[in-house]
Structures are given as C-alpha cells and as structure tokens.
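Mapping to the working numbering: the sequence shown position 211 is 498, numbers consecutive. Where is the CB? At the ideal position from N, CA and C, for every residue including glycine.
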Amino acid sequence: MRDSQIVFLGAGKANVVVDLPIADLPSAPSSLRTSAAKMQRIALRVRRAAHKECAECYRALRAYAGCRDVITLGPALYNAIEAVVPPTHRKLITGATEATVVPNFASIPAHLLRVDVTAAEARGRAVDYAVEVKPKGAWQSPQVVGIVVDGETYWVEEAKRRHCRYGQMRCYKDVRDAKKDELPATMASAPPAHTEKTSSPSLPYCPNYLFRTSLSTREGLRRLMHSPQNNLKVVRCCPSGAQSPGGDPTMTTLTVSELCGVADAIDASGVLTPLSHLQLCGCAPPAADEPADVAADKQLPVLDVALLYRWSLAKDKDAVEWIMLPGDPAAHCSCTAPDTFSRALKVDEARRVRPMLDYETCKERFYVSTTARDVSLIIAVSSRRGAPDASTACSRLTGVPADVGGVFVQRGPDVYRVGVVDLDDKKHKTLHHYYLHDREIVEAFLNQHRTSLTK
Ligand SMILES: [Zn+2]
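What follows is the structure, encoded as structure tokens:
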C-alpha cells in the first residue's frame, strides 16, 4: 500500500484521525460510492476500543456531523496507518481491528462542491483553511437551586447563579497551571491561533457570546482568539489531490475580517441552536409535531451535578424534592453583566416541588449535556483573502448530498463548511467523578474571589 498517500490529521484523547484516498479503502461503504466522485479523500477515525458516541447528540447534530460507517481494518491498511501516526499517539490505535469513516472536515469546501472559487482567481490569492472552535457550555442561571434528600437539604453554590462555568473554569485552570506547568494532550498539533490587535485585547471570552442571540458571535471569536487555549485553532486544509496537508503553509493566523466571516458562517449554519439545547436541556430540541407536554419536558434545564449526585445517593429516590426559584433565563452571567454582584437573590421565593423528571432521565440528560459541552465546530473555508464580505449576506446551500457531511454556507465567492466533531459518550466516567471535578472548580473560583476581595 502507498502509505505516503495517508496523512495524519490529529489525535484526540482516545482516537487518531487520518486522511486517505477512497481508493485506498479495500471496501468503501456503499454510502460513499455515491459521492465518491466528489469526495476524493475521506477521514478515518481509529481507536483501540469500540467507539461510542452520544446517540442523542448525534441525532440532533446529524446534518453537521455527517455519516458514520464502520469498516474492518485489515493488516495492510492498519500498518499503512500506523506508519504515519506519530509514535506518541500509536498506543491509541494498537491492535485496532476496525475504524469509522467520518467526513473529512479538512477537505476544501469548494473542491467538495465543485464550486469554481479558486480557478477564477489567480493562484495564491485564494486561501483554504479550517478553524476548530470549541465553544464550551452555554449558561443559564439554574432554576432548581436545591434538593431535599432523605430529610437533608442541599443547595447549589450561590456563585453558580451569577457566574458561568467557563468563568469559573478560567480560575480553576489558572490555579491548576500554576501547580503543574504542563498541558494535556490536545486534538491537533497546530500552534495556537493569533490575530492582530483589536479594540478589546484583554476581555475574557464567554460561551454565551456565541449562544445568546442578544450577544455577538463575532465578539465571542475575537475574545477567544486573544486567549485561545485549546478552544480555537487554525488548521490548514488538505487539497483533494494526493499532497500532504497544504494550502498556505504560513497560515496559522486569521485576520479580523476572516474571523468575522467564520463567525457569520457559524451563525448562518444554524448549528448553535441544537447545540445550545443539548447543553442546557440535555436532549434534542422538541420537534414541531410533538405533544405540548412532551415538548415542555424537553425544555427543562439539566439538573446541576451537585444536586444530581445527592439524588443518586438517596435511599428513596422517589421521595426527593426539588427546590426551585423563579429564574430569568435571559439573565446574563458576570462575564457580560458586571452588575450581577448586586443582583438580589430572592431566596424567600424558593418553593419545594415534586421533581418534574425522574432520576434516570435527569442522569441521562446530564451525560448528554456533558458531551454537548465538549463538542468542537470545524469551519472549513474557501475564501478570497482580503475580499470584503460584510455587505454580502450568507446563504445556507441546499442540495448538498447528506453523506458529504456538514452544512455549507456561501457568501459571495466564499464557501464555508460547518461541521461538528467530538460527540464522545461520557458515561464511562461516574457521577461521583463529575461531582468532585465540579467541587474543585467551584472552590478554586471561590478562593480566587475571596483573595481578590481582600486585596
Ligand atoms: Zn460567562
């Protein structure tokens, strides 16, 4: 096998993704044959253990996640893949006998669609790149603020009613990184992205910039670009020819106008609506034809892990009561509403109610939400560098074969493909694990705030 045809795309915590020509697959799945002419290359996700994705997240995001086909990994293909995987990641695939065919979000969108973007322009003017954005979790102030278990009352930490998880996580990471100066393995080896100076260099990112329509995705990405950590990366696209990852080899930065284009494409793709619902409610958004009571159930927010964990320990799970406060779903976290500190908490309005969902459903939804809060968006771009785009409207392209994967957005001569990756099921970790992790984050946050108040 011509192993030079296979390109290492990246590694996650439990899998490796490579790019290869369809011709190198001994038994290409039938669903690929229809689009084979367009998709010259595909991506293969390889891992040692059987792969499990969150079924609810996949269902809700299917248009963005694309097809999934499991194929048998014969020795020849396995060896060819192993030869291109860096030694540090080889243990992730040792002994793997099957792999999943997934959309290759590093393909150039214009080539996939055969939109003649590049030919009309002189070579070198067109730019093809992909941006990986991990937006992390949307935030709403919790409505269920306490739980009564076996006669004991447990409350949600008050900070969670004013500060989003992302804001707390920033403090937690500061404390953790001060302790040990090493970062966990990340999905891709691309260097962090940077952009030129904007008007707000030090303002922090908050996921709600993307998820709230009252805030701006452009502003969110600008802030993320200033402190990308592992949540924003620029990756070069693979040409659909047989070369190694190419495009513009110097492409590790984005200009402000490129960043705005990506933000607008994310908005136009519509991906944030189902993703935000998965995160906040732990299930897909209700369909239009569902009965009103079912739809109402699906609008209930995910229970905080501190309360869910207490529920899991109840001697009599059916006797548990929730404590609810009239919440304002439109209220902002402290990232975007500094006056949140002076906002009075109406604790006297709290009321005890029978749980509106049973324990098993709440637990299920917690795990769905946990997967959704870790999803990454991949936005691949075929663009004319420097072309003014703000005055042209984005339009979502229809008629793209579903098995290509991703939603395509066109703006003038530019094409954006918006996909999602990282839908891994989180159930291999216990509620107790998440409960302890949550405590660590909240305590790090509270400690830092106490410290800053006494300074
Ligand atoms: Zn926030």
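Helix, strand or coil for residue i per DSSP?
i: residue 546; result: helix
i: residue 729; result: helix
i: residue 342; result: helix
i: residue 499; result: coil
i: residue 734; result: helix
i: residue 599; result: helix
i: residue 296; result: strand
i: residue 641; result: coil
i: residue 683; result: strand
i: residue 712; result: coil
i: residue 592; result: helix
i: residue 634; result: helix
i: residue 688; result: coil
i: residue 604; result: helix
i: residue 619; result: coil
i: residue 349; result: helix
i: residue 576; result: coil
i: residue 722; result: helix
i: residue 447; result: helix
i: residue 624; result: coil
i: residue 556; result: helix
i: residue 301; result: coil
Under DSSP, the alpha helix (DSSP H) around residue i begins and ends at which residues?
i: residue 456; result: 452-466
i: residue 652; result: 646-659
i: residue 506; result: 504-513
i: residue 580; result: 579-584
i: residue 559; result: 559-568
Taking the DSSP output, what are the residues bridged to residue i?
i: residue 695; result: 704
i: residue 417; result: 522, 667
i: residue 306; result: 294, 330
i: residue 431; result: 611
i: residue 436; result: 439
For the beta strand (DSSP E) that residue i lies in, which residues bound it at each end?
i: residue 440; result: 439-442
i: residue 335; result: Looking at the DSSP string, residue 335 is not in any beta strand (DSSP E), and its letter there is neither H nor E.
Does the separation of the CB atoms of residue i and residue j fall below 7 Å?
i: residue 343; j: residue 571; result: yes
i: residue 667; j: residue 417; result: yes
i: residue 566; j: residue 424; result: yes
i: residue 385; j: residue 431; result: no
i: residue 521; j: residue 541; result: yes
i: residue 706; j: residue 345; result: no
i: residue 569; j: residue 589; result: yes
i: residue 592; j: residue 437; result: no
i: residue 698; j: residue 685; result: no
i: residue 518; j: residue 426; result: no
i: residue 312; j: residue 304; result: no
i: residue 634; j: residue 611; result: no
i: residue 465; j: residue 504; result: no
i: residue 391; j: residue 306; result: yes
i: residue 620; j: residue 451; result: yes
i: residue 654; j: residue 604; result: no
i: residue 333; j: residue 380; result: yes
i: residue 669; j: residue 702; result: yes
i: residue 622; j: residue 507; result: no
i: residue 546; j: residue 498; result: no
i: residue 420; j: residue 664; result: yes
i: residue 683; j: residue 555; result: yes
i: residue 383; j: residue 360; result: yes
i: residue 428; j: residue 457; result: no
Less than 7 Å between CB atoms is the rule here; does residue i satisfy it with respect to chain C?
i: residue 622; result: Although the question refers to chain C, the structure presented lacks it and comprises just one protein chain.
- Kindly provide the ranges of any alpha helix (DSSP H) runs that are 4 or more residues long and lie completely inside the segment 351-407, ordered along the chain. Taking only runs of at least 4 residues, the alpha helix (DSSP H) segments lying wholly in the segment 351-407 are 362-371, 396-400.
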